[in-house]
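There are 2 protein chains.
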Amino acid sequence: MISHPERNQIQLEGVLHALSDPVRLRIALELAEAGGERRCGSFECAVTKSTMTHHFKVLREAGVIRQRQEATLRLTSLRRDDLDARFPGLLDRILQAAEEEAVVGA
Amino acid sequence: MISHPERNQIQLEGVLHALSDPVRLRIALELAEAGGERRCGSFECAVTKSTMTHHFKVLREAGVIRQRQEATLRLTSLRRDDLDARFPGLLDRILQAAEEEAVVGA
DNA sequence: CTCGTAGTTCGAAGTTCGTCAAACATCGTA
DNA sequence: TACGATGTTTGACGAACTTCGAACTACGAG
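So the protein sequences, as listed, match chains A and B.
Heads up, the first sequence is in our numbering, so the first residue is 2 and it goes up one at a time.
Heads up, the second sequence is in our numbering, so the first residue is 2 and it goes up one at a time.
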């Protein structure tokens, strides 16, 4: 059963914690680039499948991503609308910061 | 010995992790309201002094706060200039989100 | 010098986190 | 029906985290 928090149940601390992990931040970045849905296995992360499942769960329960099942595929997308409504501008700034950090290579 | 990371050594993940704790987010909020420096003991947090010391250390090593010693007082302030230079707008959005969340009471 | 204030350091205890391997569930296809 | 692909669940493990109390350091005031 895939459960998502309601928009107004999304907690700032949960979002910050979810995005404070390198693997999960990377997932969010790739989702933002993609703009839409992506398969679980389509992310470039150096961890096993079960670890990915764990990270998706953290992101989902924090309200950062949305997931839906389609046959054997689990499609993942950013909850950009809900996040923008709840915490205006926050997601964009975090993603922008992540990109700049990646570019600078620090 | 109080050690601070250089501006360009501040890591996004570290900042997000530092602010994902309720006590530390509260500290950052109170510092933003104060605008300047504050004594360690002047924060309204329901934890002991040694726990506060720990949280200050996490914030300091993440680059969120600056601390300096003055006699027996340790004065703490936000590293707003460095954070804004490194991750433009990020701190403001997080603090704004924290305030809104507090107001709504969710 | 002694006392109180401000804050740190040092374990200890318990919790949460990130990771993996093994086994499992589900669907489409040969 | 059997197989391969996709992804989850469970259980384990060490590492990191949060918290506390007790002992400690450093300073100013009386």
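We treat Cβ as the ideally placed atom computed from N, Cα and C, and that holds for glycine.
Buried or exposed: where does residue i fall if 16 or more other Cβ atoms within 10 Å of its Cβ makes it buried?
i	result
residue 4 (chain A)	exposed
residue 74 (chain B)	exposed
residue 103 (chain B)	exposed
residue 105 (chain B)	exposed
residue 72 (chain A)	exposed
residue 29 (chain B)	buried
Please work out which residues of its chain come closer than 6 angstroms, Cβ to Cβ, to residue i, disregarding the five sequence neighbours upstream and downstream, and give them in chain order.
i	result
residue 77 (chain B)	39, 66, 68
residue 26 (chain B)	20, 99
residue 56 (chain A)	24, 25
residue 60 (chain A)	19, 25, 66
residue 6 (chain B)	64
Please work out which residues of its chain come closer than 8 angstroms, Cβ to Cβ, to residue i, disregarding the five sequence neighbours upstream and downstream, and give them in chain order.
i	result
residue 83 (chain B)	8, 11, 64
residue 15 (chain B)	62, 63, 64
residue 96 (chain A)	29, 30, 33
residue 54 (chain B)	41
residue 22 (chain B)	56, 59
DSSP has residue i in a bridge; who is on the other side?
i	result
residue 76 (chain A)	A:40, A:69
Please return the same chain residues whose Cβ sits closer than 7 angstroms to the Cβ of residue i, not counting the five positions on each side in sequence.
i	result
residue 81 (chain B)	92
residue 48 (chain A)	24
residue 37 (chain B)	78
To the nearest whole angstrom, what separates the beta carbons of residue i and residue j, a pair I think is in contact under 8 angstroms?
i	j	result
residue 79 (chain A)	residue 19 (chain A)	Not really, about 12 angstroms apart at Cβ, beyond 8 angstroms.
residue 44 (chain A)	residue 62 (chain A)	With a Cβ gap of about 18 angstroms, residue 44 (chain A) and residue 62 (chain A) do not count as contacting.
residue 90 (chain A)	residue 94 (chain B)	5 angstroms
residue 17 (chain A)	residue 17 (chain B)	5 angstroms
Report yes if the C-beta of residue i is less than 8 angstroms from at least one heavy atom of the ligand ATP; otherwise report no.
i	result
residue 60 (chain A)	Looking for the ligand ATP in the displayed structure turns up nothing, as the structure carries no ligands at all.
According to a CB-to-CB cut-off of less than 7 angstroms, which residues of the segment 77-91 of chain B neighbour chain A? In summary, the residues of the segment 77-91 of chain B whose CB is separated from some CB of chain A by less than 7 angstroms are 88, 90, 91, in the order they occur in the chain.
In chain order, what residues of the segment 12-32 of chain B put their CB closer than 9 angstroms to some CB of chain A? 12, 13, 14, 15, 16, 17, 18, 19, 20, 21, 22, 23, 26
What residues from the segment 39-56 of chain B come within 9 angstroms of chain A, judged by C-beta to C-beta, listed N to C? none
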